[in-house]
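Under the numbering used here, the letters of the sequence shown match residues 2 to 182, in that order. Below: the structure, in structure tokens.
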Amino acid sequence: MQQLLPLAIRKTLPKRVSVVLIQLSSFFRELCSKNSRPEDFEELEKRIAVILCDLEQIFPPAFFDIMVHLLIHLASEARIGGPVQYRWMYPIERYLYTLKKFVRNKTYPEGSIAEGYLADECVTFLARWLKDVESRTNRPLRYVDDTPIGNPVRFPLSVEQEKKLHDYILFNDSDVDTYIQ
């Protein structure tokens, strides 16, 4: 939604609609940025109100439910709680989905989860103990990725350089060609 959606809708939708959706994608990209400062979040709070007003002019009233309204609070929550990626529920929900798959007897889900978890732990232990058996924990490397020698050198890019680099990567990647056409 943050990177490819603006590229896909730029040519397909009317300009009035695509500009607002691109601004919404930009909002999410800046909200999830690792280099955000509290001043950035204050600016995002102001921008999302304008973006939602523009969305109200485009989409019918049935589109606006409580989930769309929650966008207003995301920037202030990020300002208070810090970067979003450290507070996401996605890893927790993924783990809960894993536990949910362990349920075999819906009458006693706790016991099923306990048995499934124990079985998974046993299989993982045996897979690590038996070196000759290929499993998900000891698969051979398919790609040898040599680590660089020395400390990485980071250098900041200007906004213009970053945009040029971003455009170069998008327009020269064969996977993106299908979306551009």
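Glycine included, every Cβ here is placed at the ideal spot set by N, Cα and C. These figures come from a predicted structure and were not determined experimentally.
Asked	Found
Does the distance from the C-beta atom of Lys47 to that of Pro84 stay below 9 Å?	no
Give a single yes or no on whether Leu100 has its beta carbon closer than 8 Å to a heavy atom of the ligand NAD.	This structure simply doesn't include the ligand NAD, nor any ligand for that matter.
Would the beta-carbon of Leu6 fall within 9 Å of that of Leu22?	yes
Relative to the alpha-carbon of Leu100, which residue among Thr125, Phe28, Ala115 has its alpha-carbon at the smallest distance?	Ala115
Within 9 Å of any Cβ in chain C, is that where the Cβ of Thr99 sits?	In summary, chain C is missing from the structure at hand, where a single protein chain is found.
From what residue to what residue does the alpha helix (DSSP H) around Lys107 run?	Lys107 -> no alpha helix (DSSP H), and no H or E assigned at all.
For Pro110, which residues of its own chain have a beta-carbon under 7 Å away from its beta-carbon, when the five flanking residues on both sides are left out?	Val104
Where does Thr162 sit, in a helix, a strand or coil, going by DSSP?	Strictly speaking, residue 162 in this sequence is Gln, with Thr absent from that position. Reduced to three states, the DSSP call for Gln162 is helix.
Is the beta carbon of Leu56 closer than 9 Å to that of Leu8?	no
Which first and last residues belong to the alpha helix (DSSP H) in which Met90 is found?	First-last for Met90: undefined, no H or E at that position.
So, at 8 Å on beta carbons, what are the nonlocal neighbours of Arg80 in its own chain, with the 5 sequence-adjacent residues on each side left out?	Pro39, Phe42, Glu43, Glu46
With a CB to CB cut of under 8 Å and the five nearest residues on each side skipped, what residues in its chain are close to Lys102?	Gly117
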